[in-house]
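Worksheet: one structure, shown below.
Protein chains: 2
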Amino acid sequence: MGHTHVTAATSDEGAAVPVTIRDVARASGVHISTVSRTFSAPHLVNPETRVRVLACAEDLGYRPNRAARALITGRTHNIGLIIADIANPFFPPLIKAAESQARHRDYHVFVADTNEDPTAEEELVHALAKQVDGVLLCSPRMSNSLIEQLSREVPLVVVNRQVTGLPCVLMDVGQGARSAIEHLVGLGHRSIALLGGPRSSWTNREMRRAAGTAARAGGAELTLLGPNAPTEIGGSAVAEQVRRSGVSAVLAYNDLMAIGLIEGLDALGVRVPQEVSVVGVDDITLSRLTRPKLTTVATPTGAAGRTAVDMLLQQDIESPRGARGPGAGTALGVRRTTAQVMLQTDLVIRDSTGPGPHARPARPLAAPRGPDPHCPAGPGIPTAATGDAVAS
Amino acid sequence: MGHTHVTAATSDEGAAVPVTIRDVARASGVHISTVSRTFSAPHLVNPETRVRVLACAEDLGYRPNRAARALITGRTHNIGLIIADIANPFFPPLIKAAESQARHRDYHVFVADTNEDPTAEEELVHALAKQVDGVLLCSPRMSNSLIEQLSREVPLVVVNRQVTGLPCVLMDVGQGARSAIEHLVGLGHRSIALLGGPRSSWTNREMRRAAGTAARAGGAELTLLGPNAPTEIGGSAVAEQVRRSGVSAVLAYNDLMAIGLIEGLDALGVRVPQEVSVVGVDDITLSRLTRPKLTTVATPTGAAGRTAVDMLLQQDIESPRGARGPGAGTALGVRRTTAQVMLQTDLVIRDSTGPGPHARPARPLAAPRGPDPHCPAGPGIPTAATGDAVAS
DNA sequence: CGCGATCCTGCAAAGGTTTGCAATGAAGTA
DNA sequence: TACTTCATTGCAAACCTTTGCAGGATCGCG
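Chains as they are written, first to last, in the numbering used here: chain H, 1 to 392; chain V, 393 to 784.
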């Protein structure tokens with residue numbers, strides 16, 4: 001590793017003296033159990049004692065050892081967050097929201113990246129299992145059956161995937177794809193391509209299903225292209241294929257692919273939206289910054305992260321892990337209710353979609369359009385309703 | 393919270409039977425200490441016994457309880473990663489690299505987001521202290537003295553900040569800023585603005601210092617604008633100010649601001665790079681995707697994450713935390729060597745910079761330029777050398 | 001055959017916290 | 001006054017693992 005040590009100094013440092021509950025007990029003249037209760041069950045200790053203990057604790061800089069606490073309570077107050085690819089801008093807002101929500105509930109979040117690799121996913125669940133109270137599985141690439149199996153090892157909440165028997169947070173990409181297709185059909189497009197994402201993606205299947213239905217209903221022909229890598233590269237790689245297919249509009253699996261496709265088409269001399277319209281999914285920050293600005297289906301990423309954490313913690317509180325007390329370890333089945341939450345998506349119309357070859361002549365050609373009925377707050381600004389739910 | 397429960401089912405699930413070292417011991421007919429050694433000191437146990445124990449462990453699905461292990465060894469095998477803003481695309485590659493590197497060393501990573509808030513930073517260090525073996529502080533916003541103080545509580549490695557006595561990973565933004573200014577001066581710009589970032593940012597100070605020197609050396613005038621929020625919004629907000637200042641080129645604190653600025657200038661009818669040249673810092677993915685593509689100083693984010701983890705673990709191995717064995721708890725000072733690593737940056741020339749008003753007439757005006765000597769692999773492709781070091 | 005060395009394994013303490021139970025004392029009730 | 005109830009606190013077991021120490025067996029060597 002070619003670093004250069006600019007400075008190499010030595011410094012004196014007192015060994016971090018670990019101050020335990022015992023020290024606090026001694027300092028405040030009570031038994032350690034009283035100190036413990038001061039923190040974990042304050043109502044059980046005399047207010048006067050409590051303030052004294054708290055003062056001593058503060059004074060000594062005491063912080064409860066979470067490992068010891070975890071050891072006896074069986075609850076680590078940690079949760080795991082397994083992500084297909086942190087570098088995909090879709091995920092950071094989700095991570096951020098989840099971490100913040102967890103922190104408010106006095107939980108910490110382990111983040112792990114699988115590089116879209118199903119095997120890594122499985123290993124990570126195993127590795128995390130004993131160390132966390134539950135795991136959030138975001139856009140998993142492994143099989144449903146494996147997920148179910150793993151859920152017997154550690155409480156799981158799945159995001160962007162429907163697994164029966166498990167709590168799931170879903171984004172209504174079906175509705176999103178439908179809106180997108182309807183938007184394109186309304187613009188006069190009759191030949192549309194769907195740029196598929198990873199084969200094992202639930203989102204991918206949902207989009208295909210909904211887009212197919214919507215296209216049929218609108219009298220348009222839908223061409224399936226894929227599967228592809230859900231990245232910019234994946235998008236630009238199919239540009240040539242898109243051109244040859246002769247479609248006048250494309251719905252891409254996500255924004256990254258849409259942007260890559262636009263790049264690729266541009267390199268081939270195909271103009272967007274004049275010759276081909278492109279719609280993405282996710283509404284990542286980037287999609288507002290490219291030229292042309294991307295028309296896309298906004299997904300409520302932050303809300304998904306928060307909701308997933310809530311569901312995990314709720315489920316977790318119902319059924320604490322580990323046997324409590326001697327003799328309570330009989331493996332009696334735990335009955336728990338699982339819920340699936342569907343979050344609404346919103347079509348955000350910007351500049352990457354325009355009139356198709358079948359547009360009625362009355363429509364102005366290739367002119368900037370006004371706000372679309374689907375997008376109450378006007379183009380470019382995700383609606384506040386994005387995080388809200390939709391009855392389905 | 394407006395979600396709709398699409399499904400609410402109940403499922404039977406065996407209580408996750410916690411299989412401990414004791415179960416494995418019973419199953420394989422040895423004492424628990426032998427099982428323990430099988431995992432933590434395999435060379436001390438008879439090969440035959442070992443395979444038998446391993447088989448049983450595998451069979452029962454045993455995984456060592458890390459909390460218990462942490463309790464007695466004093467090492468959690470976790471590290472904390474404190475980030476100013478996960479949503480800033482500068483950080484995900486760093487997180488990803490750090491997490492991956494840590495995992496290879498059998499460590500897990502807690503990720504926490506401070507929203508650029510110094511107070512949150514301090515609280516997070518406290519909260520994490522007892523739970524991790526060390527903390528990576530990325531682009532901290534708190535004061536040096538506070539950082540030093542916190543480093544007495546938990547081993548710290550600082551990224552993007554120079555703190556004497558603490559191990560630091562720095563990116564040579566000074567060199568980067570110099571290259572950028574020289575590039576602009578070479579293009580004929582004599583009046584350049586520096587768009588500052590957060591006041592408490594070390595990077596910010598370094599850039600100001602280096603850019604000032606380079607501008608003086610090149611006979612250019614440098615205008616300081618800031619501090620600003622290191623975001624797209626922060627950049628677009630100063631567009632008007634940039635126009636009024638009359639400069640012909642701008643070096644922005646980071647890519648996000650540069651892109652925001654270009655957006656803002658565009659809205660004011662100022663063309664980039666024809667009227668104003670813009671240079672960013674970081675080379676985030678986004679900078680290759682905007683129009684015009686951004687000229688920027690590439691920072692080795694992944695290498696920084698990996699290096700930081702390595703430094704933390706190395707320092708950590710030298711001085712294990714917590715008193716080992718009875719009577720060893722005397723607070724004798726631990727002497728440890730701290731190093732600072734400086735990583736090289738690289739100017740990547742793309743399309744957001746062009747000839748300035750003082751360009752020699754021989755130069756073609758506003759025409760696409762070929763590869764720049766600063767960028768060996770050609771524009772648009774970060775050089776492989778980016779992660780390597782530079783002697784300084 | 002005896003002795004030490006080596007290898008393997010068991011024993012038990014320790015690590016910091018939580019928590020059921022018991023003890024204490026005070027206050028309230030009959 | 002005697003008895004009950006309640007609030008507060010102490011006691012000690014338990015959580016699961018690691019590790020220093022010692023015991024036992026086996027082997028090599030003189």
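For glycine and all other residues, C-beta sits at the position ideal for the given N, C-alpha and C.
Taken in chain order, the members of the segment 62-89 of chain H whose beta-carbon sits within less than 7 Å of a beta-carbon on chain V are R63, N65, R66, A67, A68, A70, L71, T76, I86, A87 and P89.
Judged by DSSP in its simplified three-state form, T511(V) adopts helix. Excluding five sequence positions before and after G188(H), the CB atoms of its chain that fall closer than 6 Å to its own CB belong to P355, G356, H358 and A359, given in chain order. Taking a C-beta cut-off of 8 Å against chain H, the contacting residues of the segment 683-696 of chain V are R683, listed in chain order.
Straight through space, the alpha carbons of P273(H) and L184(H) are spaced by roughly 11 Å. Along the segment 92-107 of chain H, the positions whose C-beta sits under 8 Å from a C-beta of chain V are P92, P93, I95, K96, E99, S100 and R103, read in chain order. Considering only beta carbons, the part of the segment 629-652 of chain V lying closer than 7 Å to chain H consists of I651, in chain order. By the C-beta density criterion, R591(V) is exposed, having fewer than 16 other C-beta atoms within 10 angstroms. Using a CB distance cut-off of 8 Å, L268(H) does not count as an interface residue toward chain V. Along the segment 515-532 of chain V, the positions whose C-beta sits under 8 Å from a C-beta of chain H are H518, A519, L520, A521, K522 and Q523, read in chain order. Under the three-pair Cβ rule at 8 Å, the segment 615-635 of chain V counts as touching the segment 587-604 of chain V. A distance below 8 Å separates the beta carbons of V524(V) and I471(V).
Nearest to A609(V) by alpha-carbon distance, out of G626(V), A433(V), L643(V) and S571(V), is S571(V).
With a contact defined as Cβ atoms closer than 8 Å, V157(H) and A308(H) qualify at about 5 Å. Residues of chain H whose Cβ lies closer than 8 Å to the Cβ of V673(V) do not exist; the shortest such Cβ separation is about 17 Å.
Per DSSP, D658(V) is one residue of the alpha helix (DSSP H) stretching across D647 to A659. Here Q344(H) is buried. Its C-beta has 16 or more other C-beta atoms within 10 Å.
Shown here, T203(H) sits in a helix according to DSSP, grouped into three states.
Among the CB atoms of chain V, one or more fall inside 8 Å of the CB of L286(H). Counting only Cβ-Cβ distances below 8 Å, A112(H) has contacts in chain V at E491, R495, H500 and V501, in chain order.
G568(V) sits in a helix when the DSSP states are folded into three classes.
Residue nearest to A252(H) within the set A339(H), R208(H), A267(H) and G269(H) is R208(H) (criterion: CA-CA distance). The CB of E655(V) comes closer than 8 Å to the CB of L289 in chain H, given here in chain order. Scanning the segment 86-157 of chain H from its first residue to its last, the whole beta strand (DSSP E) runs of 3-plus residues come out as 108-113 and 134-138.
Residues V272 of the same chain have their beta carbon placed closer than 8 Å to that of D266(H), with the five preceding and five following residues left out of the count. When DSSP states are grouped into helix, strand and coil, E275(H) belongs to the coil group. Beta-bridge partners assigned by DSSP to C560(V): V550(V) and Q732(V).
When the Cα atoms are used, L146(H) and Q315(H) turn out to be separated by approximately 20 Å.
Under the 8 Å Cβ criterion, the segment 286-293 of chain H does not count as touching the segment 233-251 of chain H, having fewer than three qualifying pairs. Annotated three-state conformation of V53(H) is helix, per DSSP. One thing to note: L136(H) has its Cβ within 8 Å of the Cβ of A98(H). According to the DSSP secondary-structure assignment, I349(H) is paired through a beta bridge with no residue. At the C-beta level, G672(V) and D647(V) come within 8 Å of one another. DSSP, read as helix, strand or coil, puts G697(V) in helix.
Contact between the segment 544-563 of chain V and the segment 511-523 of chain V is present: three or more C-beta pairs spanning the two stretches fall below 8 Å. The bridge partners DSSP lists for A641(V) are I584(V) and S669(V).
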